[in-house]
Each structure stands twice: as structure tokens, then as C-alpha cells.
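The block underneath contains the structure these notes are about, expressed in C-alpha cells.
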Amino acid sequence: MIELKTIKKRFSDKEVLRNVTLQVQTNELLSIVGPSGCGKTTMLNIISGLCSPDEGEIYINKILVDGKKGSKRIHVSPSDRGIGYVFQNYSLFPHMRVDENISYGLKAKHLPRHEIKKKINSLLDFIGLKDCTQCYPHELSGGQQQRVALARALAIDPTLLLLDEPLSALDPKTRESIRTDFKNLLEPLEVTSIYVTHDLAEACTISDRIAVMGEGVVEQIGNRDEILEKPNSKYVANFLGLNVYDGTIVQAASSPAKVKIGNIEILAPVIGKGDGEKIILTIKPEDIILSNESLIRNPKWCGCVCNNLTGKVSGIVQMKSSAKVSVDVGFLIESELTLSSFKDLCINKGKKVYVQFKADSLNICQG
Amino acid sequence: MGLERVSDRLIIILLAFACLFFIAFISFPIAAVFLNLDLDMLMPQLRNPQVLSALTVSIVTSSFATLTSFIFGIPTAYLLATRRFHGRSIIDTVLDIPIVLPPAVAGVALLLAFAPRGIIGPTLKEFGIILPGSTLAVVLAQIFVASPFLIRSAKAAFENVDRNLVNSAKILNPSRLRVFLTITLPLSSHGLLAGTIMTWARSMGEFGATLMFAGNLPGVTQTMPLAIYMLMAEDPMASNVLSAILIVVSFGVLALFKILGRKRYGARL
Ligand SMILES: Nc1ncnc2c1ncn2[C@@H]1O[C@H](COP(=O)(O)OP(=O)(O)O)[C@@H](O)[C@H]1O
Ligand SMILES: [Mg+2]
């Protein structure tokens, strides 16, 4: 198990980690997702001991590796933490062959030669690169390099595996196809792992438990569904690409409650709040239905409480398989449609459309 | 469109002309040294004791100067490249001074510091060390003038080693020294070698500071450049032969430099 307690770190004038508290259970794979520059790499460097935190404590399997013990400052050196670290650009040693790269940590530990050989072979089997032992890193493809980096990190039987955007150096096409392979590679490993990425979809593929990182803090940690369905802050909701609104409760007693966003009143599933309280509401763009007629009768929605609004289309972004349409209904609301429904609706800028969404689709942030 | 084409052509012609001018300007005098060389005189000159002793003094002193620069320069460069501390940029600048300092000034400075009448000269004298007129002084002058090349080049080489590679190694290897020997050193080796070669070449060519500080004693402090200068009047052919030898050595150094300068390990370095 690994535990970070109120970790703080600043670089000269910039507070990079403001207050990071995090727990990863034994043999758990946790992915950490956050935008570039939010301090993910810095956090991994601190966990690995390459960098010292200004404040806070780190425990690996209940052993304090960074922090204060009485008046003494503890800093266990990187090589004594039992860590396997796959760096952002693999960082394979360019002057060493694949087998030399993989065995680097084992040689440093002065393991007997036959044991090293056995270990290299089993790792090469594991990553499926038996034919490339004598290759130099630059002779390998990005995907192969990334596997060698993983093998090198695993060679020392780490208690904790750190992966810093292991797929980000690959071109987007390979990245998507390798994502699942990589997950299958990681899954059977019985090692506590932290997988860092800036790509939400990647995090969702790789692991069940996800931590969303904001500027120097962990904003939310939970299961995939919790994060996707119930973001607990504006920050996470924005990161997920949701519609986010500040609302004021007008009538908490009714069910569903009446909430005002700007001057527009809508119905939302608010529980345990009183009139006049401020709340943050989020809703996924794909839960917003647009139509050219008022009150379509969607059989699936039978018995559901619906919000019906009208507005003018203010922006359109077409993508590969869907389109995002912004509608001004008194506030801006973004809807994501399949391309076919987008075409059917004949939407253009300035057109009047009807906007519908279920009250239950709204999420109230419990931050 | 047509006009643009013409002006493009014109620019290329002008660039080519400038380039040709320099090629001619540099290669013509070098060729002149060899054109003047009387091949029948070459062998006897190679047995000329003054020529031989100048060659020996030069090679020995340059090698010692380079070795000393290496021993002190590599740790200095490593410190400057890998640590951030107060006064780092000042040290950096101080170490670069000899590159821009006129060699004659370097000679005067060395005299004022180390000659028997200089600042610490008297102390040195008590230990029986009188520098001017000694081979050691030649070495010191060369170190003074040439070591910045090594430090510069080594510093750049160390700075170019990807920090993440060193960090990867640090996580796997508890010994700092071994991380340095297995990762940093091999990955910076070509820069270190290039710096070493440059320092040696600069030492071989040192003239001003050596003349001022060490003097011009054949067999003791008379290096090749000094001998070339001295022999110019008395024995032009000897001077010519020495020049030719130095040119050949310089070319060799340059070729070595270019070969070592080639990128290795694919595009990763
Ligand atoms: N050694 C350093 N010195 C100064 N600033 C740094 C250093 N390392 C990282 N930073 C800064 O810290 C912030 C977070 O960086 P990083 O942890 O690399 O983010 P991420 O990995 O999430 O993209 C960035 O703004 C970066 O400029
Ligand atoms: Mg990063």
C-alpha cells in the first residue's frame, strides 16, 4: 500500500503540488488523470524519491520514506524504495542493448549471472520481444520501446510501479490500439501501480479506479462510474467536458426541486438542501436532446420528469462521429448528437430549437 | 514571379561567391606551405635536432597540459552542468576568460603571478620552483589558454545527457559513481573527447603566452610555434617543414573531431 499525506512542493515561485493526499491499496492499479502541467510528473518524482517534498509524508507499505520522524527528516533514496518507474519518453539507455537495459537494475543489485539471465528471458517472454534482445533502443518501434521500459521497471520486482504517460509518445493511431494491449499486460501483474495520463479515455480503459488531478491537488478519486456520473467539483466536470452551471434553489420542497440557472428555472433532483442555497449542476452533452418540435414523446422517457427549453443555436462543431451544438436557452447549453441526428435536424447557426433533458440526468456536485 | 526567380538566383550566386572566397583564402596559404616544401630537404630537416626537440617539447607539454585540464576540467564541468548554486554563472564566465583574452596578456598575467618577482613567485622560489624558463611554465601557459575549451565542451556534453536517463538509472542503481560511469560518462563521451582533442590542438598551437611566460629555450621551452617563428629568419626551410608538420597534425585532429562528432545511437542523442 502507498500513502501520500498532504504533500506540498514548490519550484521557486510556483506551487506545483498544493496538497496531495492519496492512497493506493496493495496490488491496485490506480490511474491519475489531469491536464498537462498540473503536477503529475512532479508527484511521481516525489513518490520515487528523485525529488523531495517540501511538506507531507509518504509511506510505502506503512514504512515512512519521506517526511518527519520526530525532529529527523527522512528521505529514503530512490533505489531503496523498491520502485519501478517507466518515464514519459521511456528513457531507455540508448547505448545499451535491450537485454542490457532490462538487466541494469539486476546488475546493480549484484544478482548472480544465471538468475539475471533467467529473469531477462521471462521478462522478454512477458513483453513478447524475444527476437529483439540484441537490438538497440533506436532500432525498436515506439510501442516496443515502451514494453522494454516496462520490462526494465519490472525486472527488480518492484513493490510499486509508476508509469508516466507511457503511451503519450506514440502516435495517436497506435496509441489507441496499444491501449488495450497495455491494459492486458498490466492487469495480471500483482504489483501496486500508479498510471499517469492526461487522457481521460486512456485512464478509463486502463483502470477502474481513477484520480482526477487539478492544479496541484487531487480533485476527485473514485471508480470510473463515480467520476463520470458524479463529478464532485466544477473542475472535474469541466475536465470531463460537461455542461457546468451555478444554480440557486428556488423550491427545495417540490420533487424534483426547482432550481434557477440565471433567470431560467429548471427541475433538478436536489436532496437535502434548502431554498436559496447555491449549488453546482452538471449534465453530459450527450444527455441533451435537440428537436425541431416541442415535446417529442420519447417512449423511453415515459414517466420521467423532463426539462423543456427553447433556444437559438449559437455554435456548431462537427467531429468524426458526432457533432457538438451549443444552444443559448438563457444560458449556454452544449448538446452532443450523433452525426445522423445532426443531419436530420438540419441545424444551422441562429436556428430555433427545442432542448430537452431529463431532470435525473442532472448531477449536483457534492464537493 | 520571373523577377523573384532572378533575385533568388542572384542571392545564391552571392552566397556561393562569399563561400568560395573563404575557401580560397584559407586553402591557398595552406597549400603554399606545401608548395614551398622541397621534398629533398624534408628528410634532413626531420633529423634537424632543433626541429626534433621542438616537436618533442610540443607533444610532451601539450599532452601534459591536456591531461591536467582533463583531470581538473571534467569535475569542474560536471559541477557546473549538474548543480545550481549561487555564483555559478560568475564561475562560468571566469572560466571562459582565457578564450577571449589575448595570449600575450595571458603571458603577462602569468608572469605577474608566478614569476620570481610576481605575487607568489617568491614563495615558489623558497620551494625551489622557478617557473619562467622551465618546461612546466610551458605546460601552465597551455593549461591557462586551452583548458576552457575542454570545460566548455564537457559542460555542454554533460548538460546534453537526458536527465530522465540519469534518473532512471538512479532508481535502479544505488551507487552514484556507478550511475556516472555507466550512464553519464558513455553518453557524454563524444563531447568529452571532442573537448580533449580541441584542448590538445589549442595547446599545440600556443604561442604568445608561452613566449612571454616560459621563454624560448630550445629543448626546454621552445615549442613548435616558437621554433617556427625563430627559424623563420635563420633557416626558412626548417620553419617551413615544421609548419607542414603542424598542418598535418591539425588536419588529423580536425578529421578525428569530425568522425567523433558524428551522432551515435540513432537519433536519440
Ligand atoms: N524542476 C523544475 N523546476 C521548476 N519548475 C518545474 C520543475 N519541474 C516541473 N516544474 C513545473 O511544475 C509544473 C508541473 O509540471 P509536471 O509535474 O511536469 O506536470 P505534468 O506532468 O502534469 O504535465 C509545470 O508548470 C512545470 O513547469
Ligand atoms: Mg508529465
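Just so you know, the sequences run in chain order F and A.
By my numbering, the letter at position 305 of the first sequence is numbered 305, and the numbering carries on one by one without gaps.
Numbers in my numbering are just positions in the second sequence, counted from 1, shifted up by 1000.
No residue lacks a Cβ here, since even glycine has one placed at the ideal position from N, Cα and C.
Are any of the Cβ atoms in chain A nearer than 9 Å to that of residue i?
i              : result
residue 89(F)  : yes
residue 361(F) : no
residue 81(F)  : yes
residue 370(F) : As displayed, chain F neither begins before 1 nor continues past 367, which places residue 370(F) out of reach and without an answer.
residue 342(F) : no
residue 111(F) : no
residue 40(F)  : no
residue 114(F) : no
residue 95(F)  : yes
residue 56(F)  : no
residue 104(F) : yes
residue 37(F)  : no
residue 238(F) : no
residue 78(F)  : yes
residue 257(F) : no
residue 253(F) : no
residue 216(F) : no
residue 142(F) : no
residue 108(F) : yes
residue 45(F)  : yes
residue 85(F)  : yes
List the DSSP bridge partners of residue i.
i              : result
residue 15(F)  : 10(F)
residue 220(F) : 212(F)
residue 333(F) : 327(F)
residue 316(F) : 325(F)
residue 311(F) : 353(F)
residue 73(F)  : 68(F)
residue 195(F) : 31(F), 163(F)
residue 338(F) : 322(F)
Shorter than 9 Å from the beta carbon of residue i to some beta carbon of chain F?
i               : result
residue 1259(A) : no
residue 1167(A) : yes
residue 1089(A) : no
residue 1083(A) : no
residue 1183(A) : yes
residue 1267(A) : Caution applies to residue 1267(A), whose pLDDT of 40 falls short of 50 and renders its modelled position unreliable; the model cannot decide the point.
Please name the residue, chosen from the options, that lies closest to residue i on a Cα-to-Cα basis.
i               : options                            : result
residue 1027(A) : 1241(A), 1258(A), 1251(A)          : 1251(A)
residue 1078(A) : 1042(A), 1204(A), 1064(A), 1181(A) : 1181(A)
residue 291(F)  : 178(F), 174(F), 313(F), 179(F)     : 313(F)
residue 1070(A) : 1197(A), 1164(A), 1231(A)          : 1197(A)
residue 9(F)    : 29(F), 52(F), 36(F), 34(F)         : 52(F)
residue 1092(A) : 1149(A), 1102(A), 1112(A), 1219(A) : 1149(A)
residue 194(F)  : 31(F), 311(F), 100(F), 333(F)      : 31(F)
residue 1208(A) : 1229(A), 1194(A), 1061(A)          : 1229(A)
residue 365(F)  : 178(F), 164(F), 244(F), 209(F)     : 244(F)
residue 198(F)  : 20(F), 178(F), 33(F), 82(F)        : 33(F)
residue 1218(A) : 1004(A), 1012(A), 1050(A)          : 1050(A)
residue 204(F)  : 98(F), 180(F), 214(F)              : 180(F)
residue 97(F)   : 76(F), 269(F), 131(F)              : 131(F)
residue 42(F)   : 20(F), 29(F), 60(F)                : 20(F)
residue 1131(A) : 1122(A), 1123(A), 1115(A), 1119(A) : 1115(A)
residue 1061(A) : 1255(A), 1204(A), 1232(A)          : 1204(A)
residue 277(F)  : 246(F), 256(F), 153(F)             : 246(F)
residue 310(F)  : 140(F), 323(F), 321(F), 327(F)     : 327(F)
residue 1158(A) : 1144(A), 1189(A), 1010(A)          : 1189(A)
residue 1254(A) : 1053(A), 1199(A), 1211(A), 1225(A) : 1199(A)
residue 1030(A) : 1183(A), 1248(A), 1165(A)          : 1248(A)
residue 294(F)  : 62(F), 202(F), 353(F)              : 353(F)
residue 1088(A) : 1224(A), 1192(A), 1155(A)          : 1155(A)
At the 9 Å Cβ level, is residue i part of the contact set with chain D, yes or no?
i             : result
residue 50(F) : No chain D appears in this structure, whose protein chains are F and A.
Q: Just list the alpha helix (DSSP H) runs in the stretch 112-182 of chain F, keeping only unbroken ones of 4 residues or longer that don't cross its boundaries, in chain order.
A: Taking only runs of at least 4 residues, the alpha helix (DSSP H) segments lying wholly in the stretch 112-182 of chain F are 113-127, 142-154.
Q) Which residue spans inside the stretch 1043-1105 of chain A form an unbroken alpha helix (DSSP H) run of at least 4? A) Counting only runs of 4 or more, we get 1049-1082, 1088-1100.
(Q) For the stretch 1187-1198 of chain A, list every residue whose C-beta sits within 7 Å of some C-beta in chain F, in sequence order. (A) Per Cβ criterion, the list reads 1187.
(Q) Closer than 8 Å between beta carbons: that is the criterion. Which residues of the stretch 1155-1181 of chain A meet it against chain F? (A) Residues of the stretch 1155-1181 of chain A with a C-beta atom less than 8 Å from some C-beta of chain F are 1162, 1164, 1165, 1167, 1168, 1169, 1170, 1171, 1172, 1173, 1174, 1175, 1178, listed in chain order.
**Q.** chain A contacts made by the stretch 144-176 of chain F, where a contact means CB separation under 7 Å
**A.** For chain A, the residues of the stretch 144-176 of chain F that bring a beta carbon within less than 7 Å of one of its beta carbons are 156, in chain order.
(Q) In chain order, what are the residue ranges of uninterrupted alpha helix (DSSP H) at least 4 long that sit wholly in the stretch 1181-1214 of chain A? (A) Qualifying alpha helix (DSSP H) stretches, in chain order: 1185-1205, 1208-1213.
Q: Could I get the ranges of all uninterrupted beta strand (DSSP E) runs contained in the stretch 221-274 of chain F, with 3 residues as the minimum, in chain order?
A: Whole beta strand (DSSP E) segments, 3+ residues: 243-251, 257-261, 264-268.
Q. Mind pulling the alpha helix (DSSP H) runs of 4 or more residues that sit fully within the stretch 1096-1169 of chain A?
A. Assignment of alpha helix (DSSP H) within the stretch 1096-1169 of chain A, counting only whole runs of 4 or more residues, yields 1103-1114, 1121-1126, 1135-1160 in chain order.
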